[in-house]
Amino acid sequence: MNRLPQVWTYLAQEPLLWLTVTLFAYAIGDALFNAAGRRPWVNPVLIAMVLLAGLLWVTRVPYETYFEGAKFVHFMLGPATVALAAPLYGNLDKVKKSALPMLAALVAGSITAMVSAVAIAYALGVRGEVLLSIVPKSVTAPVALGISESIGGSMTLTAVLVILTGIMGAVMATPLLNLLRITDWRARGFAVGVASHGIGTARAFQVNETAGAFAGIGMGMNAVLTAILAPILVRWFL
Amino acid sequence: MILHLAVLLAFQLIGETISRGLGLSLPGPVIGMVLLLGLFMAVPKAAAAIQPTAQGLLSHLSLLFVPAGVGIVGHLNWLGADGLPILLALAVSTALAIAIGALVFVGLSRVMAARE
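Sequences listed follow chains L and W, in order. For the first sequence, position 72 matches number 71 in numbering that gives the first Met the number 0, and the numbering has no gaps at all. For the second sequence, position 51 matches number 50 in numbering that gives the first Met the number 0, and the numbering has no gaps at all.
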């Protein structure tokens, strides 16, 4: 029995435990999501996040140790982004036909996301570095961090805001778009990708493949547009 | 399956090389995606071959955000005294951006369809 602490010391340090636990936490989140009739507010990412963060807090294992195991999952984000080319190719005819609506929706969605977030935060008394960190929150994480740094925001805070925005978008998209009676999967997916990047795109793929493909395009295009617009908006208004 | 995964990684590698080599703000995987789309358009057979692997990866796209998500929980105190205003700003702006983006898309496609 007194070997238990030794076993724990080994397991807590090795990638095996945390990789396994990450997959199980997600499996639990996914099972709850399915059991709840795939309702958007039962978000598997959020459930897995809360379970794992709670476990780390209870066991006092630092995030860095956890990430040593979880990084294998995290790494797959790169090839998965490249893989978005497949649904994009499958929907190429639809994409070509909707180039103009896409561009207009991109500009409208991107500017709305930036300006309304900053305006609301400013009206509620948020200033300085924190305010600047909000600007790129709708953009996929690697690009958002770069933008945040270049306009004088805090990269750590931006990382938090990007994930929160993604989860909010994933949770609210379906009820909101149903409320607006928008049935066009292209429009639904694209708007979600622009406003809530990869986590919104993952949600779109859960609902409809065309929506997922358009969300992926929205995410990619908004990364480029925000990188161009954010410094200009900051210079004009902040 | 292994070959297809290797192709995806190779395109990410090319994308990263271009992104860093030219100092672009666009991340490597996004450039890799565009290049792979180019390959699919030139060689449609490649698209059919890689499709199942790509679909397998994308059907679990949500899982891949979990490790980064766990990291933010420890940083929630970064929101500090501004926590509530920030959460409100994020929620309202995300809802507005989704609604306006989708409405503009639908509105413009209707106008275009009416003109045809």
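Ideal Cβ positions, reconstructed from N, Cα and C, are used throughout, including at glycine.
Excluding residues up to 5 positions away in sequence, Y65, G68, A69 lie with their Cβ nearer than 6 Å to the Cβ of L/W17 in the same chain.
The three-state secondary structure of W/H59, taken from DSSP, is coil. Counting C-beta pairs closer than 8 Å gives three or more between the region 58-72 of chain W and the region 38-53 of chain L, which meets the contact rule. When only Cα atoms are considered, L/G53 and W/G82 end up about 20 Å apart. In the three-state DSSP reduction, L/I231 falls in the helix class (H, G or I). The continuous alpha helix (DSSP H) containing L/H73 extends over residues 62-74. If you look at L/N177, you'll find it in the alpha helix (DSSP H) that goes 154-178. With fewer than 16 other Cβ atoms from the protein chains shown falling within 10 Å of its own Cβ, W/M40 counts as exposed. When only Cα atoms are considered, L/R2 and L/T8 end up about 10 Å apart. The alpha-carbon of L/R38 is positioned some 34 Å away from that of L/G145. Taking the C-beta atoms as reference points, L/A158 is found nearer than 8 Å to L/A140.
Under the criterion of beta carbons closer than 8 Å, W/M32 and L/A84 qualify as touching, at roughly 5 Å.
A straight line joining the alpha-carbon of W/I30 with that of L/A172 spans about 27 Å.
The alpha-carbon of W/G14 is positioned some 34 Å away from that of L/F32. Pairwise C-beta distances place the region 208-222 of chain L in contact with the region 189-198 of chain L, as three or more of them are shorter than 8 Å. The Cβ of W/I85 sits closer than 8 Å to at least one Cβ of chain L. For W/V110, the three-state secondary structure derived from DSSP is helix. At a cut-off of 8 Å between C-beta atoms, W/I97 counts as an interface residue with respect to chain L. Annotated as distal: W/L102 and L/I119, with beta-carbon spacing of 8 Å or more. The Cβ-Cβ distance between W/A80 and L/G108 does not fall below 8 Å. Within the region 155-170 of chain L, the residues whose Cβ lies closer than 9 Å to any Cβ of chain W are, in chain order, T155, L156, A158, V159, L160, V161, I162, L163, T164, G165, I166, M167, G168, A169.
When C-beta distances to chain W are compared with 9 Å, the residues of the region 87-100 of chain L below that value are L87, Y88, G89, L91, K96, S97, L99, P100, in chain order.
At least one C-beta of chain W is nearer than 8 Å to the C-beta of L/I181. Taking every protein chain shown into account, the CB of W/I85 has 16 or more other CB atoms within 10 angstroms, so this residue is buried. For a cut-off of 8 Å, the C-beta gap from L/A190 to W/F64 is around 19 Å, too long to register as a contact. Among the residues of chain W, those whose CB is under 7 Å from the CB of L/I119 are L87, A88, V91, S92, following chain order. Close partners of W/V103 in chain L (Cβ separation under 8 Å): P100, A103, A104, A107, G108.
Taking 8 Å as the upper bound on Cβ-Cβ separation, chain W lies near residues L123, G124, V125, V129, I133, K136, S137, T139, A140, P141, V142, G145, I146, S153, T155 of the region 123-155 of chain L.
Within chain W, no residue has its beta carbon less than 7 Å from that of L/A214; the closest one is some 10 Å off. In the three-state DSSP reduction, L/E128 falls in the helix class (H, G or I). Looking at the backbone, the Cα of L/W235 and that of W/V72 are separated by about 33 Å. For the 8 Å CB-CB criterion, W/L57 and L/G211 form a contact. Taking C-alpha positions only, L/V94 is separated from L/V57 by approximately 48 Å. Counted as a single uninterrupted DSSP element, the alpha helix (DSSP H) harbouring W/G37 occupies residues 27-41. Assigned with DSSP and collapsed to three states, L/L123 falls in coil, not helix or strand.
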